[in-house]
Amino acid sequence: MAMTITEKIFAKASGKRNVQPGENVWLNVDILMTHDVCGPPTIEIWKKEFGKKARIWDKDKLVVMPDHFIFMENVSAKRNIEVLRSFAAEHELPHYYDPGSERYRGVCHIALAEEGFNLPGTVLFGTDSHTCTSSAFGMFATGIGNTDAAFILGTGKIWEKVPASIKFSLHGLMPPYLMAKDVILHILGDIRTDGATYCMAEFDGDAIHELPMDERMTLTNMAIEMGAMSGIIAADEQTVNYLQNRTKRSYEILYSDAGAAYYRTLNYKIDEMVPAVAQPHSPDRRELVRTLSGRKVTKCYIGSCTGGKITDFRAAAKILHGKQAVVPTFIVPATCTITDLLSVEKYDEMTLRNIFENSGCTIVQPSCAACLGGTEDTIGRACDNDVVISTTNRNFPGRMGSKHSEVYLASALTVAASAVQGSIADPRELF
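So the sequence shown is residues 61 to 491, counted in this note's numbering.
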């Protein structure tokens with residue numbers, strides 16, 4: 061029986077020879093991830109439902125990464141961290157990344173990759189909708205609620221329906237003015253926010269395997285925005301090279317069979333694409349950047365699990381080098397590792413950090429920061445009447461702060477170009 065990569069992972073994790081879409085199976089979970097927002101309620105449910113004799117099914121498979129409400133003065137946020145800190149100490153958790161220590165890594169979805177938890181052929185669940193980012197490594201990863209997470213915490217299992225798969229076949233070479241963010245915005249404009257509901261978005265084609273892991277993660281990260289259960293990209297040599305010095309855990313690379321059945325197949329030529337932007341207030345409100353060129357912005361934001369990776373900052377630095385940002389522009393690395401790289405990597409003999417500082421940008425500590433609004437003291441937060449252009453993944457009313465603001469989604473190249481112009485700008489004009 062021919063199967064997709066997702067069906068093979070489900071079969072392997074459920075101990076079955078084969079599975080098919082619509083079938084319900086018990087999955088054995090390889091990694092459970094939670095953070096400061098959903099960790100405390102997950103723990104509370106786990107204690108209540110499993111009682112005083114509650115036991116974590118496998119401490120080595122539990123990853124706790126606070127990242128959402130970190131660098132802010134907020135009683136509730138601090139309380140959540142204390143709950144996680146106490147829980148980690150009580151149970152001697154090996155993979156707790158405390159924000160008050162050197163172990164803190166930053167945004168969980170990128171830190172999971174850096175810390176070697178994203179392994180081909182495995183199953184990862186997280187209490188965050190953008191857990192699907194990890195599926196760029198040829199694994200199955202998706203977000204769940206606190207109750208499901210509590211059940212996994214106590215049993216290591218979860219009941220899931222095998223999803224159908226939609227194949228997005230991408231071909232051609234990526235132009236220098238284009239990024240994976242542009243590609244996924246084009247796709248979202250076609251399929252809309254409900255076009256892949258409970259399906260797997262499988263990205264394939266020669267264009268995909270030319271992309272670095274950072275860019276692949278951008279595609280799978282925003283699969284949830286089309287309603288997909290997750291996105292997935294089969295592992296290849298680049299994946300293996302990325303993992304080489306990051307993990308000693310074993311893994312199995314799986315591929316879709318030639319005769320596997322897909323719910324739908326869409327083909328794209330990325331060398332024919334141009335920079336895109338998502339207009340307020342939905343990620344699928346695609347428009348070409350050139351069409352909106354000149355529309356004034358009040359803030360620019362380069363960060364998040366979607367657009368705060370080193371490839372994003374390399375791209376932005378090329379645009380900002382030797383120029384000034386004429387509106388407040390925030391550089392928010394996803395992780396501590398990326399923050400360190402800003403002081404090491406160079407463009408035209410100048411470090412990325414120096415380029416951003418000389419351009420007048422504000423470099424922020426690694427965290428989710430203003431991607432999800434945060435408290436009023438969150439740096440980069442959208443205020444009333446702000447018009448923000450951002451590399452983040454969502455632009456619903458109030459997502460980045462005030463409900464009386466507007467957020468445009470774009471690539472790091474487009475956001476950097478807009479910072480220089482003070483209005484939405486096509487990066488091709490500044491190359």
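Using N, Cα and C, we set each Cβ at its ideal position, and we do this for glycine too.
Query raised in the report: Among the residues of its own chain, which have a CB less than 7 angstroms from the CB of Thr102, if the five just before and after it don't count?
Result: Thr94, Thr187, Asn206, Ala209, Ala210, Leu213
**Report entry** Cβ-based neighbour list, Cys421, same chain, cut-off 6 angstroms, excluding 5 preceding and 5 following
**Finding:** Ala385, Thr389, Ile391
Query - Contiguous beta strand (DSSP E) assignments of at least 3 residues, all confined to the stretch 245-310 - result: 260-264, 290-292
Requested in this report: Could you check which residue in Glu417, Ala485, Val167 has the C-alpha nearest to that of Lys356?
Outcome: Ala485
Query raised in the report: According to DSSP, what are the bridge partners of Ile415?
Result: Answer is none; Ile415 lacks a bridge partner.
**Report entry** Spatially closest choice to Lys119 from Thr351, Ala148, Pro100, Glu220, by CA coordinates
**Finding:** Ala148
Query raised in the report: Using a Cβ-Cβ cut-off of 8 angstroms (strictly less than) and excluding sequence neighbours within five positions of Ile69, which residues of its own chain qualify?
Result: Gly181, Thr182, Val183, Met199, Phe200, Leu314
Query raised in the report: What's the C-alpha gap between Glu174 and Ile423?
Result: 21 angstroms
Query - Supposed contact pair Ile268 and Leu230 - C-beta distance, whole angstroms, cut 8 angstroms - result: 5 angstroms
Query raised in the report: So, does the CB of Asp317 fall closer than 7 angstroms to a CB anywhere in chain B?
Result: Protein chains in the displayed structure number just one, and chain B is not present.
Query raised in the report: So the beta strand (DSSP E) Leu238 belongs to, where does it begin and stop?
Result: Looking at the DSSP string, Leu238 is not in any beta strand (DSSP E), and its letter there is neither H nor E.
Report task. Please report how far the alpha carbon of Leu179 lies from the alpha carbon of Ala294, in whole angstroms. Result -> 11 angstroms
Query raised in the report: Does DSSP put Ser450 in a helix, a strand or coil?
Result: strand
Query - Nearest-angstrom beta carbon gap, Gly482 and Val387 [assumed within contact, 8 angstroms] - result: 5 angstroms
Requested in this report: Report yes or no: do the stretch 456-469 and the stretch 432-444 share at least 3 C-beta pairs separated by less than 8 angstroms?
Outcome: yes
**Report entry** Residues that DSSP places opposite Asn88 in a beta bridge
**Finding:** Lys217
Report task. Give the secondary structure of Val475 by DSSP, where H, G and I count as helix, E and B as strand, and everything else as coil. Result -> helix
Query raised in the report: At which residues does the alpha helix (DSSP H) containing Ala376 begin and terminate?
Result: 370-380
Requested in this report: Using only alpha-carbon positions, find the residue among Cys431, Thr358, Pro393 that is nearest to Thr371.
Outcome: Pro393
Requested in this report: Taking Arg454 and Pro272 to be in contact with their CB atoms under 8 angstroms, please state how far apart those CB atoms are, rounded to whole angstroms.
Outcome: Contact flag wrong, Cβ pair sits at about 24 angstroms.
Query raised in the report: Which whole-angstrom value is the C-beta distance of Ser189 and Gly203, which I expect to be below 8 angstroms?
Result: 4 angstroms
Query raised in the report: Taking the C-alpha atoms as reference points, what is the distance between Glu67 and Ser136?
Result: 41 angstroms
Query raised in the report: With 16 other CB atoms within 10 Å as the buried threshold, where does Val300 fall?
Result: exposed
Requested in this report: Drop a sphere of 10 angstroms on the beta-carbon of Gln530, count the other beta-carbons inside from all chains shown, and report buried for 16 or more, exposed for fewer.
Outcome: Outside the displayed span of the chain (61 to 491) sits residue 530, for which this structure offers no information.
Query raised in the report: Roughly how many angstroms lie between the CA atoms of Val167 and Arg276, to the nearest whole one?
Result: 17 angstroms
Report task. Could you tell me the distance, in whole angstroms, from the CA atom of Phe456 to the CA atom of His341? Result -> 5 angstroms
Query raised in the report: Thinking just about the alpha-carbon of each residue, which of Ser364, Asn418, Gly433, Glu83 is nearest to the one in Ser471?
Result: Ser364
Requested in this report: Determine, using beta-carbon pairs with one atom in the stretch 154-166 and one in the stretch 104-115, whether at least three such pairs fall under 8 angstroms.
Outcome: no
Report task. For Gly354, count neighbouring Cβ atoms within 10 angstroms of its own Cβ and tell me buried if that reaches 16, exposed if not. Result -> exposed
Query - Spatially closest choice to Gly82 from Pro223, Ala479, Asp408, Thr64, by CA coordinates - result: Pro223
Requested in this report: Inspect the beta-carbon positions of Gly287 and Asp266 and report whether they are closer than 7 angstroms.
Outcome: no
Report task. Determine the extent of the beta strand (DSSP E) in which Ile391 is found, giving its start and end residues. Result -> 389-392
Query raised in the report: Whole-angstrom Cβ separation of Ser290 and Cys192, contact assumed at under 8 angstroms?
Result: 4 angstroms
Query raised in the report: In chain order, what residues of the same chain have a beta carbon less than 6 angstroms from the beta carbon of Ala71, not counting five sequence neighbours either side?
Result: Asn78, Val79
Query raised in the report: What whole-angstrom Cβ distance do Thr452 and Thr366 have, given they're in contact under 8 angstroms?
Result: 6 angstroms
Query raised in the report: For Cys98, which residues of its own chain have a beta-carbon under 6 angstroms away from its beta-carbon, when the five flanking residues on both sides are left out?
Result: Thr187, Asn206
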